[in-house]
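Undergrad:
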Amino acid sequence: MPLLNKLHALVGPAGLVIDADAQAPYLTDWLGKWTGRTTVVVRPANTAETAAVVRLCSETRTPIVTQGGNTGMSGGATPDASGAQVVLSTTRMNRVRAVDPVNNTLTLDAGVILANAQEAARSVDRFFPLSLGAQGSCTVGGNVATNAGGIAVLRYGNTRELVLGLEVVLPDGRIWNGLRGLRKDNTGYDLKSLFIGSEGTLGVITGVVLKLFPRPTSHATAWVGADSLEKLVELLGLMRTRCGERLTAFEMMTAPSLQLVLDQVTETRAPLATPAPFNALIELSDTGAASDVHGEESGPGALLESALAEAMEAGLANDAMLSASEAQTMALWKLREGISQAQVRAGKAIKHDIALPISSLASFVAQAEKEVQACLPGASVINFGHLGDGNLHYNVLLPADTDHDTLKHRTHDLNAVVHQLVTNYGGSISAEHGVGQLRRDELRIYKSPVEMELMLRIKQAMDPNQIMNPGKLL
Ligand code: FAD
Ligand code: 2HG
Ligand code: ZN
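When the letters of the sequence shown are read in order and numbered with our numbering, they come out as residues 557 to 1030.
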């Protein structure tokens, strides 16, 4: 019986996408950078169906590309051009399995959309802190598989820090039930950690236990302008000292990044009267008795105001705008969250998702500016990111009509310049978006042979037939 018929027998007609038009959204990534082919997109309804599909693929040596919300930025969820890879979409597995406000855990199918996970936490007066621009369409399984970061890492950590348990369909079709909701469990190797950030190369994540937190009851948000990155880094230090745990987000945007959003995204306006070379979007949040943003002396509003006054006095900030309403806060976040879309609209971005020690950020950026301009005179650098985590999105924007060969050469040259410098500073060439197909070849250059060998051995041990997302990560 052909594979298609066997899959049909396992998941029924609702679990298969065969029509070319209906398949299209699964075959191109969010950035429109990678397009592949497949004979079939399989959408199992639950873990048992997923296990049956993977078992069949294992027996027939059919490669599987697992896909969640397809918002990834490294091409990890796009099949190759051969048409031989099956796309396994988790989007039908979208049940909230259990919410436990006493244990502070949330157990979900891996295909649950991140925003729905946040809502499930809110429904029991708890908080799930993972937050990123794609939260309306990315899935928790995809978040786990990429170890997603986002805007609240500064306070709550990456996805890795937010996962207590996993359920995974292994490459041979067996189900590993590691859905534990424990804060302590020293019974050997931490297997769940292997799957976090594995980008679909070790198995299909089907269930997730997430940590919940007390729901913040008050927030304060400000936009700050500074004339150098050194000053913003100093401001970050000041905010940490003055605000401690309440400092939830510290995002950075250069003037060209902000201008790009103002040019490309409707209903946006500059937050400061005089544009600043470097901008920070700062958020404090607090739990406990509800307080108005500016209401209480000890609330985050008052704290932010006094910390910023101190910063201005110390010359760390030129100007600051404290949000006075929920609508203003949303408008400020729209400026930050709009950058990815603005880049897509404006041209072709050569992206660098890099992490550096916070203490090296300013000198890295100064040196990178020189080296990038030497490599590509007049380059338009869109530099922004999660400053509080030392994570920059150091992107170089080329005109939309740049031809394929030019783009290829520029990408190669700029990657070499930026990533060698990142390595010299002890940084990482993939901070939060993963490796996928974007950084696969470069990984071999920047990871040590020992690390590469260990990763390849783990892959071989767990997926000896190499059916899980071949051509990605390793
Ligand atoms: P997909 O794109 O579908 O897949 C990503 C990878 O995970 C692929 O390798 C895929 O094979 C694998 N995978 C997916 N689901 C599973 C599963 N159940 N089991 C095994 N493997 C699986 N990322 C950040 O970290 N921080 C940000 O701030 C951020 N902001 C973004 C803003 C925008 C506008 C966009 C478009 C993306 C952003 N991203 C960000 C990137 C992306 O949203 C995240 O990487 C997200 O975690 C991917 O989830 P997904 O469900 O869309 O995964
Ligand atoms: C963000 O922080 C995302 O907005 C996307 O990680 C970054 O578009 C990018 O390069
Ligand atoms: Zn980011």
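Quick reminder that beta carbons are idealized off the backbone N, C-alpha and C, glycines included.
Return the bridge partner residues of Trp779 from the DSSP annotation.
TA: BP columns for Trp779 point to Leu837, Met877.
Undergrad: Counting pairs of Cβ atoms below 8 Å between the segment 666–678 and the segment 756–765, do you hit three or more?
TA: Output reads yes: the segment 756–765 touches the segment 666–678.
Undergrad: Per DSSP, what kind of secondary structure is Leu1010 in: helix, strand or coil?
TA: Of the three classes helix, strand and coil, the one that applies to Leu1010 here is helix, per DSSP.
Undergrad: Rounded to whole angstroms, what's the CA-CA distance from Met629 to Thr594? Just pull it up for me.
TA: Their Cα atoms are separated by approximately 20 Å.
Undergrad: Quick one: give me the first and last residue of the alpha helix (DSSP H) that Val978 is part of.
TA: Element bounds for Val978: 960–980.
Undergrad: Going by other Cβ atoms of all chains shown within 10 Å of its Cβ, with 16 needed for buried, is Glu869 buried or exposed?
TA: By the 10 Å Cβ count, Glu869 comes out exposed.
Undergrad: Please identify the residue among Asp961, Asp577, His908 whose C-alpha is closest to the C-alpha of Asn947.
TA: That would be His908, whose Cα lies nearest to the Cα of Asn947.
Undergrad: For Ala858 and Arg796, I'd like the C-alpha separation in whole angstroms.
TA: If you take the alpha carbons of Ala858 and Arg796, they lie about 15 Å apart.
Undergrad: Check Pro807 in the structure and name its three-state DSSP category.
TA: Strictly speaking, residue 807 in this sequence is Glu, with Pro absent from that position. Three-state DSSP puts Glu807 in a strand.
Undergrad: For Glu988, verify whether its CB is less than 8 Å away from any heavy atom of ligand 4.
TA: As far as ligands go, the structure on display features ligand 1, ligand 2 and ligand 3 and does not contain ligand 4.
Undergrad: Quick one: residues in its chain with C-beta nearer than 6 Å to the C-beta of Ala776, no 5 flanking neighbours on either side, listed in chain order?
TA: Answer for Ala776: Leu840, Val849, Pro856, Gly857, Leu860, listed in chain order.
Undergrad: Leu688: beta carbon under 8 Å from a heavy atom of ligand 1?
TA: Yes; taking the cut-off as 8 Å, the Cβ of Leu688 has a heavy atom of ligand 1 nearer than that.
Undergrad: Helix, strand or coil: which one does DSSP assign to Phe769?
TA: Reduced to three states, the DSSP call for Phe769 is strand.
Undergrad: Do you know whose CA, among Gln976, Ala987, Arg1013, lies nearest Ile1001's CA?
TA: Nearest option by C-alpha distance: Gln976.
Undergrad: Where does Thr1015 sit, in a helix, a strand or coil, going by DSSP?
TA: In the sequence on display, residue 1015 carries Lys and not Thr. DSSP places Lys1015 in helix when its eight states are reduced to three.
Undergrad: In chain order, what residues of the same chain lie with their CB nearer than 6 Å to the CB of Ala607, ignoring the 5 residues before and after it?
TA: Hits under 6 Å: Val725, Gly729, Ile731.
Undergrad: For the alpha helix (DSSP H) containing Gly903, name the first residue and the last one.
TA: First-last for Gly903: 903–906, but that is the beta strand (DSSP E), not the alpha helix (DSSP H).
Undergrad: Nearest-angstrom Cα distance between Glu723 and Phe769?
TA: Rounded to the nearest angstrom, the two C-alpha atoms are 22 Å apart.
Undergrad: To the nearest angstrom, how far is it from the Cα of Ala865 to the Cα of Val621?
TA: Approximately 52 Å, taken between the alpha carbons.
Undergrad: For Gly941, report the span of its beta strand (DSSP E) as first-last.
TA: Here the beta strand (DSSP E) through Gly941 covers 936–942.
Undergrad: If Thr505 and Thr591 are in contact, beta carbons under 8 Å, what's the gap, nearest whole angstrom?
TA: Only positions 557 to 1030 of the chain appear in the structure, and residue 505 is not among them; the question remains open.
Undergrad: Near Lys904, what residues of its chain come up, given a Cβ to Cβ distance below 7 Å and the 5 sequence neighbours on each side ignored?
TA: Hits under 7 Å: Leu954, Ala956, Thr958, Leu963.
Undergrad: Between which residues of its own chain and Ala654 is the CB-CB distance below 8 Å, once the five residues before and five after are set aside?
TA: So the list reads Thr661, Leu662, Thr663, once near-sequence residues are dropped.
Undergrad: Is it the case that the CB of Val760 approaches a heavy atom of ligand 1 more closely than 8 Å?
TA: Correct: Val760 has its Cβ closer than 8 Å to ligand 1.
Undergrad: Only counting the same chain, and skipping five residues up and downstream in sequence, which positions put a Cβ closer than 8 Å to that of Val900?
TA: Once the five neighbours on either side are set aside, the close Cβ partners of Val900 are Leu587, Gly588.
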